[in-house]
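Heads up, the thing below is written out as structure tokens.
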Amino acid sequence: MTNRTIVVGAAQLGPIQKAEPRSIAVERMVRLMERAHQRGVELVVFPELALTTFFPRHYHADIADADHWFETAMPSNETAPLFAAARKFGIGFHVGYAEIAEEADENGAVRRRRFNTSILVNPDGDIMLKYRKVHLPGHAEFDPRRTVQHLEKRYFEVGNLGFPVIRAPMGGVPGINVGMLICNDRRWPEAWRVLGLQSVELVLLGYNTPSLNMEAGGFEAHHLRVFHSHLSIQAGCYQNACFAVATAKAGTEDGCELFGHSIIVNPQGEIIAMATSWDDELITADCNLDMCRLGRTTIFAFAKHRRPETYSRITAQVGAIEPAAWSKQAAE
Ligand code: CDT
10 MTNRTIVVGA
20 AQLGPIQKAE
30 PRSIAVERMV
40 RLMERAHQRG
50 VELVVFPELA
60 LTTFFPRHYH
70 ADIADADHWF
80 ETAMPSNETA
90 PLFAAARKFG
100 IGFHVGYAEI
110 AEEADENGAV
120 RRRRFNTSIL
130 VNPDGDIMLK
140 YRKVHLPGHA
150 EFDPRRTVQH
160 LEKRYFEVGN
170 LGFPVIRAPM
180 GGVPGINVGM
190 LICNDRRWPE
200 AWRVLGLQSV
210 ELVLLGYNTP
220 SLNMEAGGFE
230 AHHLRVFHSH
240 LSIQAGCYQN
250 ACFAVATAKA
260 GTEDGCELFG
270 HSIIVNPQGE
280 IIAMATSWDD
290 ELITADCNLD
300 MCRLGRTTIF
310 AFAKHRRPET
320 YSRITAQVGA
330 IEPAAWSKQA
340 AE
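Note that this note's numbering has the sequence shown beginning at 10, numbered continuously upward.
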């Protein structure tokens, strides 16, 4: 192990049912932190929206009726045991949760705002980094064609913190460039590249991904759902020369399946640990951060090889447009 090696853990959670209080989830998480500590883990990564069932599948006509799924403070009485466990076991953690913030909007008006958020906490219990999910999948209104709703666009605003990266002391390593994504963000190469452009070395991300594609009329084989998740994370790591810890909330919640298959990936894009259950499960890996150097000094040496002057479409345009049709006359 070099002095730039950190032992990380993906603490996958099994299902949390609609009626289950946060205290049950937190107890399970503390048990996983204890196991992580016993296995020498220095940073443990919990899933997206880890404290409750994946509530965006439940429709509330009045959004305020969904407020009980959100945290107004972090830590709170209910989440304090996580911070206490971090201190007791000398372990950092990452957790995703639904956040309510009383915050000024773009017009300067202070109002109640809702975000799908994750934080990085050090073993002293300090919140070192906060991220709010940018790519919100699903829909904002009840969709009668769907058997299961996915109402992230109803309950959350688009994150307003960008894609921050911080150089954080963690474990025995004095400074690791850490960034975060949340679930659907992992499918967007733009998000990974914004992290890569800040020399990210370790990306932490949690997810809740239905094992069935619920879009009306769509069919996608189960194994492809997992393949696309892994493909996105492995490509993100390879193309940005970083590690990632990607942790699922898995299993059957209120009759709806979420797949597991949590993974830890190295800068070559290789899976170096993978969960095999759809339940509470800890997987761990030694991450030698010096492995990030090869990619970023050779094929992905951004300063040498990127051509941003040709990428303006990436930020100027949202949806795809059709190209001009080829014609013999125009080609001549
Ligand atoms: N939580 C989350 O972002 N899940 C999405 C499912 C998309 S299906 C509407 C994902 O990309 O995994």
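Here a beta-carbon is modelled for each residue, glycine too, at the ideal position from N, C-alpha and C.
Which residues DSSP lists as bridging residue i, in chain order
{"i": "L240", "result": "Beta-bridge pairing links L240 to no other residue."}
{"i": "L211", "result": "V187 and F252"}
{"i": "L22", "result": "K258"}
{"i": "E266", "result": "T261"}
{"i": "T14", "result": "N297"}
{"i": "P219", "result": "L267"}
{"i": "A113", "result": "V119"}
{"i": "M179", "result": "V182"}
{"i": "L233", "result": "Answer is none; L233 lacks a bridge partner."}
{"i": "V174", "result": "G188"}
{"i": "V39", "result": "Partner(s): none; V39 has no beta bridge."}
Local Cβ density within 10 Å of residue i, reported as buried at 16 or more and exposed below that
{"i": "G117", "result": "exposed"}
{"i": "E51", "result": "buried"}
{"i": "N125", "result": "buried"}
{"i": "H232", "result": "exposed"}
{"i": "S241", "result": "buried"}
{"i": "Y320", "result": "exposed"}
{"i": "T293", "result": "buried"}
{"i": "F236", "result": "exposed"}
{"i": "H270", "result": "buried"}
{"i": "P153", "result": "exposed"}
{"i": "Q158", "result": "buried"}
{"i": "E161", "result": "buried"}
{"i": "P332", "result": "exposed"}
{"i": "V327", "result": "exposed"}
{"i": "F210", "result": "What sits at residue 210 in the sequence shown is Glu, not Phe. The residue in question, E210, is buried, as its Cβ has 16 or more Cβ neighbours within 10 Å."}
beta-carbon residue i near ligand 1 non-hydrogen atom, thresh 6 angstroms
{"i": "P146", "result": "yes"}
{"i": "H159", "result": "yes"}
{"i": "N193", "result": "yes"}
{"i": "T218", "result": "yes"}
Assumed close pair residue i, residue j - CB separation to whole angstroms, cut-off 8 angstroms
{"i": "L267", "j": "S220", "result": "7 angstroms"}
{"i": "F79", "j": "I109", "result": "4 angstroms"}
{"i": "F309", "j": "N249", "result": "7 angstroms"}
{"i": "H144", "j": "A200", "result": "7 angstroms"}
{"i": "M179", "j": "G105", "result": "That belief does not hold up - the Cβ atoms of M179 and G105 are roughly 18 angstroms apart, past 8 angstroms."}
{"i": "A177", "j": "M137", "result": "5 angstroms"}
{"i": "R31", "j": "L60", "result": "5 angstroms"}
{"i": "Q26", "j": "E262", "result": "6 angstroms"}
{"i": "V174", "j": "V187", "result": "7 angstroms"}
{"i": "G99", "j": "P132", "result": "5 angstroms"}
{"i": "I15", "j": "L298", "result": "7 angstroms"}
{"i": "P56", "j": "K258", "result": "4 angstroms"}
{"i": "L41", "j": "L291", "result": "6 angstroms"}
{"i": "D289", "j": "R122", "result": "The pair is not a contact, with the Cβ atoms about 32 angstroms apart (cut-off 8 angstroms)."}
{"i": "P276", "j": "M300", "result": "5 angstroms"}
{"i": "V54", "j": "V274", "result": "Not quite, the Cβ-Cβ distance comes to about 12 angstroms (not below 8 angstroms), so this is no contact."}
Minimum Cβ-Cβ distance from residue i to chain B less than 7 angstroms
{"i": "D76", "result": "The structure shown has no chain B; it contains just one protein chain."}
Any non-hydrogen atom of ligand 2 within 6 angstroms of residue i CB
{"i": "L145", "result": "Ligands present in the displayed structure are limited to ligand 1, and ligand 2 is not among them."}
* To do: Please list the segments of the beta strand (DSSP E) lying wholly inside the segment 279-328, counting only runs of 3 or more residues, in order along the chain.
  => 280-283 and 290-297
* Write down every uninterrupted run of the beta strand (DSSP E) in the segment 115-160 whose length is 3 residues or greater and which is fully enclosed by it, in chain order. => 119-130 and 136-141
* **Continuous beta strand (DSSP E) assignments of at least 3 residues falling wholly in the segment 65-111** => none
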